[in-house]
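Once you know that position 111 of the sequence shown is 112 in the working numbering, the rest is easy, because the numbers rise by one and skip nothing. Glycine is no exception: its CB is placed at the ideal position from the N, C-alpha and C atoms. From a predicted model like this one, the values you see are computed outputs, not experimental measurements. Some notes on the structure that comes next.
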Amino acid sequence: MTILYEHDSALRHVTPPGHPEQVARIEAIRHTLDDDRFSALDRREAPMGDRADILRCHPEDYVARVEASIPAEGIRSLDADTHVSSGSLEAAMRGVGACCAAVDAVLAGEAKNAFVAMRPPGHHAETATAMGFCLFGNAAIAATHALDVNGLSRVAVLDFDVHHGNGTQDLLWNEERTLFASSHQMPLYPGSGHPHETGAYDNVMNVPLAPMTGGVEMKKAWGDMILPAVDDFAPELIIISAGFDAHAADPLANLNWSTDDFAWVTAAICDVADAHAQGRVVSTLEGGYDLNALAASVAAHVRVLMERDG
Ligand SMILES: [Zn+2]
Numbered sequence: 002m003t004i005l006y007e008h009d010s011a012l013r014h015v016t017p018p019g020h021p022e023q024v025a026r027i028e029a030i031r032h033t034l035d036d037d038r039f040s041a042l043d044r045r046e047a048p049m050g051d052r053a054d055i056l057r058c059h060p061e062d063y064v065a066r067v068e069a070s071i072p073a074e075g076i077r078s079l080d081a082d083t084h085v086s087s088g089s090l091e092a093a094m095r096g097v098g099a100c101c102a103a104v105d106a107v108l109a110g111e112a113k114n115a116f117v118a119m120r121p122p123g124h125h126a127e128t129a130t131a132m133g134f135c136l137f138g139n140a141a142i143a144a145t146h147a148l149d150v151n152g153l154s155r156v157a158v159l160d161f162d163v164h165h166g167n168g169t170q171d172l173l174w175n176e177e178r179t180l181f182a183s184s185h186q187m188p189l190y191p192g193s194g195h196p197h198e199t200g201a202y203d204n205v206m207n208v209p210l211a212p213m214t215g216g217v218e219m220k221k222a223w224g225d226m227i228l229p230a231v232d233d234f235a236p237e238l239i240i241i242s243a244g245f246d247a248h249a250a251d252p253l254a255n256l257n258w259s260t261d262d263f264a265w266v267t268a269a270i271c272d273v274a275d276a277h278a279q280g281r282v283v284s285t286l287e288g289g290y291d292l293n294a295l296a297a298s299v300a301a302h303v304r305v306l307m308e309r310d311g
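In structure tokens:
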């Protein structure tokens, strides 16, 4: 059955009052996943990340800089959006650890798929730059772990967060064993993600979506463009950067996806995973800032993962 990775450290990464990437996001998700409908989930504690896994994507001096930035108390700003508190390093390290443990568990056949409900998110963290609420590139780290530790040859990282996953793109730009594909609103933060950004080996695919578009356009982007490319790539594992801020209710962006749209895209990704990767999917939480929409969308996403793992 679907594995759920969580840890209380995700509640101890504290951001300034009013910040959208807040502790309450995890509380909302937990409240929802505590419902009886999710009692079959295989719940596991997120383990601490292995430094060697991080160093495959980020240089030593960057990791040292993040470590040195952690305040003993209060909140410190790394940029206008990105903040750390005393609990942030453990939360980020357990996010990395959970993503890599999820890869190990899924590849060992313990489950077909897994969801990592941790924060801070990861897809904006570039090689040597924390940004966009993110410290370490969880999805890219999990992908390179699957390649170098588990010995896979092809891993796809698919990102449906409303913001472009500039960090994942940066970390995997020169990695021809990965396909990184993203749909995202444009124009929007961080400003990257144009279709002409295709990676060093044609291994990056960006499909921008116009503001105010919804499920019809999303299904075209994924059904006609992204998923056929993933099908051609034939990944042995799919990692999802699962951001839920394309929801119509989200305060940070202007796409109009419904909760059902997240279920649709999840099922469509699972179809490709079934065709090439024995159904193996590791999904990690990125954005999603309207608490009710986030909880409902995560529930829809995890329901589909559970149905596929039945
Ligand atoms: Zn986002």
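DSSP beta-bridge partners for Q186?
L210
Could you tell me which residues DSSP puts in a beta bridge with N257?
G215
What is the residue span of the alpha helix (DSSP H) that I76 lies within?
From DSSP, I76 is part of no alpha helix (DSSP H); its letter is neither H nor E.
For M132, which of helix, strand or coil comes out of DSSP?
strand
Using only the heavy atoms of ligand 1, determine whether one of them is closer than 7 Å to the beta carbon of I163.
A quick correction: the sequence has Val, not Ile, at residue 163. Result yes, Cβ under 7 Å from ligand 1.
Need the endpoints of the alpha helix (DSSP H) that V24 sits in, please.
24-34
State buried or exposed for G311, treating a residue as buried only when at least 16 other CB atoms are found within 10 Å of its CB.
exposed
Hey, out of A109, Y290, R178, E74, whose CA is closest to G200's CA?
R178
Verify the contact flag: E287, CB atom, against every heavy atom of ligand 1, threshold strictly below 7 Å.
yes
Of the choices G194, D149, H197, whose alpha-carbon is the least far from that of E176?
D149
Starting from L292 and walking both ways along the alpha helix (DSSP H), at which residues does that stretch end?
292-309
Straight-line Cα distance separating P17 from L79
12 Å
Would you mind sorting R38 into buried or exposed? The rule is 16 or more other CB atoms within 10 Å of its CB.
exposed
Helix, strand or coil for I241 per DSSP?
strand
To which residues does DSSP link Y6 through a beta bridge?
R45, V117
How many whole angstroms separate the CB atoms of T3 and D43, which I take to be in contact at a CB cut-off of 8 Å?
7 Å
Rounded C-alpha distance that separates I240 from A140
7 Å
Where S40 falls, given that 16 or more other Cβ within 10 Å makes a residue buried:
exposed
Pairs of beta-carbons, one from the segment 73-87 and one from the segment 197-211, closer than 8 Å: are there three or more?
no
The beta strand (DSSP E) with T83 in it runs from where to where?
Neither: T83 is in no beta strand (DSSP E) and is coded neither H nor E.
Just to confirm, is the Cβ distance from D251 to Y290 under 8 Å?
yes
At a threshold of 7 Å, does G110 count as lining ligand 1 (C-beta to nearest heavy atom)?
no
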